[in-house]
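This report concerns only the one structure given below.
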Amino acid sequence: MKLKIKHVILILLPVALHSQIFAQELMPTLHALTIAPDARSAAMGDAGVATSADINSQNWNAAKYIFMQQHGGVSLSYTPWLKAATNDIYITYLSGFYKYNNNESVSASLRFFSLGNIDFYTDNYEFLQSARPNEFALDVSYSRRLGKNASGAITFRYINSTKISIQSAYPVVEHTSNVAADVAFFYQKPVDFSFAPKSEWAFGATVSNIGTKVNVSDSTSYFLPMTIKLGTRVTFNLDNNNFLSPMIEFQKSLVPSDYKYLNSSVLSAAAHGIISDLSRITWILGVEYSYKHQVCIRAGYHHESKRTNSNSYCTFGAGIKYKNMDFAASYLFVTGNRSTLLDNTYRLSIAITFGENRNDRYEYNL
Numbered sequence: 058m059k060l061k062i063k064h065v066i067l068i069l070l071p072v073a074l075h076s077q078i079f080a081q082e083l084m085p086t087l088h089a090l091t092i093a094p095d096a097r098s099a100a101m102g103d104a105g106v107a108t109s110a111d112i113n114s115q116n117w118n119a120a121k122y123i124f125m126q127q128h129g130g131v132s133l134s135y136t137p138w139l140k141a142a143t144n145d146i147y148i149t150y151l152s153g154f155y156k157y158n159n160n161e162s163v164s165a166s167l168r169f170f171s172l173g174n175i176d177f178y179t180d181n182y183e184f185l186q187s188a189r190p191n192e193f194a195l196d197v198s199y200s201r202r203l204g205k206n207a208s209g210a211i212t213f214r215y216i217n218s219t220k221i222s223i224q225s226a227y228p229v230v231e232h233t234s235n236v237a238a239d240v241a242f243f244y245q246k247p248v249d250f251s252f253a254p255k256s257e258w259a260f261g262a263t264v265s266n267i268g269t270k271v272n273v274s275d276s277t278s279y280f281l282p283m284t285i286k287l288g289t290r291v292t293f294n295l296d297n298n299n300f301l302s303p304m305i306e307f308q309k310s311l312v313p314s315d316y317k318y319l320n321s322s323v324l325s326a327a328a329h330g331i332i333s334d335l336s337r338i339t340w341i342l343g344v345e346y347s348y349k350h351q352v353c354i355r356a357g358y359h360h361e362s363k364r365t366n367s368n369s370y371c372t373f374g375a376g377i378k379y380k381n382m383d384f385a386a387s388y389l390f391v392t393g394n395r396s397t398l399l400d401n402t403y404r405l406s407i408a409i410t411f412g413e414n415r416n417d418r419y420e421y422n423l
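Quick note on numbering: this note's numbering labels position 281 of the sequence shown as 338, and the sequence is numbered without any gaps.
Here's what the structure looks like:
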């Protein structure tokens, strides 16, 4: 059985997402759940747990929806993925929310990850069939205010993944499904600085992809990419027209790296993942400049240790708002002397909001 060379990227996908895989180390499955789907956060190094609320908060911290100034909105994002190796792998992300009062909101999203077209041939190069494997995740969230400055959210996720196996010398398409959940917390409050009164400080925390293992064969199952994220942001109100928001975020996988934990329960593995492998913490620096909340310039740096994926990259992007529409774009380039398949990744997003909710603003709004 031959596999068309230009589509071998499907086999190399885990390597592309985790550029260094160490012997006897346990890696999570369904890596697409960890990819930043929208242009705004991607432009800030994939930081999103403590950024100001936007329509794509569903992916980063659904608790932020409580602090949206609009009643609702929808957003669509598109990412050509690993385009240095192929032109038919992409991610689309559709998200939306509805805030039906000042204390509660609901939101949902659909993430679709196309792994491209794969052609199968016999040893004599006779065509057998084509397949288009994919992964998708459907999320539904409920967010609630926990106080004047705090909110929380819970997200339920349905995941479906298509894989291809070779049985009796023929390719067979198989589907795997699973469920998972996220929990999120967000806090923001007005603060005053001598050089920037009426500013804002925020803190966010999430635990994502809490769920049962995914069966990859009759005898083997792997953990979902469970991750804990902590982040903080300060938005400086420089002169009521110009706003500057630096932020920092830390991410830690809850999947233990030691292969001996493969057969452990999810809870015991997560407990071990929290206290072990502290060298595997990913940190992100991001910054966003906004002029009258209409034009934004963003940049970020994403650093992963050599004991995780060893992917370190810089990002930048821009956004513009026209009436109730937002447009955003981002670009990623890998730092250092080596090149990876992530280099030159770009993302595009468009969003529409409706229903300005002025009763939920701070005394001084950002």
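Note that beta-carbon positions come from the ideal geometry of N, C-alpha and C, so glycine has one too.
Kindly list the residues whose CB is nearer than 6 Å to the CB of residue 102, restricted to its own chain and excluding five residues on each side of it in sequence; keep chain order.
As a first step, residue 102 must be located in the sequence shown, where it is residue number 45. The residues are 341, 343, 357, 358, 359 and 372.
For residue 352, I'd like the list of residues in its chain whose CB is within less than 7 Å of its CB, leaving aside the five on either flank, ordered along the chain.
Against the sequence shown, residue 352 aligns to sequence position 295. 377, listed in sequence order.
For the segment 159–171 against the segment 193–206, are there 3 or more C-beta pairs whose distance is under 8 Å?
Judged by Cβ distances under 8 Å, the segment 159–171 makes contact with the segment 193–206, as three or more pairs qualify.
Let me check one thing: in DSSP terms, what residues is residue 138 bridge-paired to?
In the sequence shown, counting from the first residue as 1, residue 138 sits at position 81. Partner(s): none; residue 138 has no beta bridge.
Can you name the residues that DSSP bridges to residue 104?
Position 47 of the sequence shown, counted from the start, is the residue given in the question as residue 104. DSSP output for residue 104 lists no bridge partner at all.
What are the start and end residues of each continuous beta strand (DSSP E) run of 3 or more residues lying completely inside the segment 112–181, in chain order?
Complete beta strand (DSSP E) runs here, min 3: 127–137, 147–155, 161–171 and 175–178.
In terms of residue numbering, what span does the beta strand (DSSP E) encompassing residue 257 cover?
In the sequence shown, counting from the first residue as 1, residue 257 sits at position 200. Note, residue 257: beta strand (DSSP E), 256–268.
What are the boundary residues of the beta strand (DSSP E) that residue 294 is part of?
On the sequence shown, position 237 is the one that residue 294 refers to. First-last of the beta strand (DSSP E) with residue 294: 284–294.
May I ask you to report which of helix, strand or coil DSSP gives residue 189?
Residue mapping note: residue 189 aligns to position 132 of the sequence shown, counting from 1. Coil, per DSSP.
In its own chain, which residues sit with a C-beta less than 6 Å from the C-beta of residue 240, not counting the 5 before and 5 after it?
The residue you call residue 240 lines up with position 183 of the sequence shown. For residue 240, where only same-chain residues beyond five positions count, the Cβ hits under 6 Å are 211 and 264.
Between residue 256 and residue 217, how many whole angstroms is the CB-CB distance? I'm expecting something under 8 Å.
What you label residue 256 is simply residue 199 of the sequence shown in a count that begins at 1. What you label residue 217 is simply residue 160 of the sequence shown in a count that begins at 1. Not a contact, Cβ separation roughly 43 Å.
Work out the CA separation of residue 270 and residue 347 for me, nearest whole Å.
Sequence index remark: in the sequence shown, residue 347 carries index 290 (1-based). Sequence index remark: in the sequence shown, residue 270 carries index 213 (1-based). Their Cα atoms are separated by approximately 42 Å.
Nearest-angstrom Cα distance between residue 133 and residue 384?
Here residue 133 corresponds to residue number 76 of the sequence shown, with the count starting at 1. Here residue 384 corresponds to residue number 327 of the sequence shown, with the count starting at 1. About 10 Å.
With a Cβ-Cβ cutoff of 8 Å, do residue 381 and residue 410 count as a contact?
Taking the sequence shown and counting its residues from 1, one reaches residue 381 at position 324. Taking the sequence shown and counting its residues from 1, one reaches residue 410 at position 353. A contact, by the Cβ cut-off of 8 Å.
Rounded to whole angstroms, what is the Cα-Cα separation between residue 214 and residue 349?
By one-based count along the sequence shown, residue 214 stands at place 157. By one-based count along the sequence shown, residue 349 stands at place 292. So the two alpha carbons sit approximately 36 Å from each other.
Report the three-state DSSP secondary structure of residue 93 (helix, strand or coil).
Locating residue 93 in the sequence shown gives position 36, where the first residue counts as 1. Note: residue 93 maps to coil in three-state DSSP.
Compare the beta carbon distance of residue 268 and residue 96 with 8 Å and say whether it is the shorter of the two.
Residue 268 sits at position 211 when you count from the first residue of the sequence shown. Residue 96 sits at position 39 when you count from the first residue of the sequence shown. Against a cut-off of 8 Å, the Cβ pair of residue 96 and residue 268 comes out as no contact.
Can you give the beta carbon distance from residue 355 to residue 100, rounded, assuming they're within the 8 Å contact cut?
Within the sequence shown, residue 355 is the residue found at index 298, counting from 1. Within the sequence shown, residue 100 is the residue found at index 43, counting from 1. Indeed they touch by this definition, with Cβ atoms about 4 Å apart.
Taking only the alpha-carbon atoms, compute the straight-line gap between residue 247 and residue 233 and give it to the nearest angstrom.
One-based indexing of the sequence shown puts residue 247 at position 190. One-based indexing of the sequence shown puts residue 233 at position 176. Whole-angstrom Cα-Cα distance: 46 Å.
What did DSSP end up calling residue 408 once you bin it into helix, strand or coil?
As a working mapping, residue 408 is identified with position 351 in the sequence shown. Correct three-state label for residue 408: strand.
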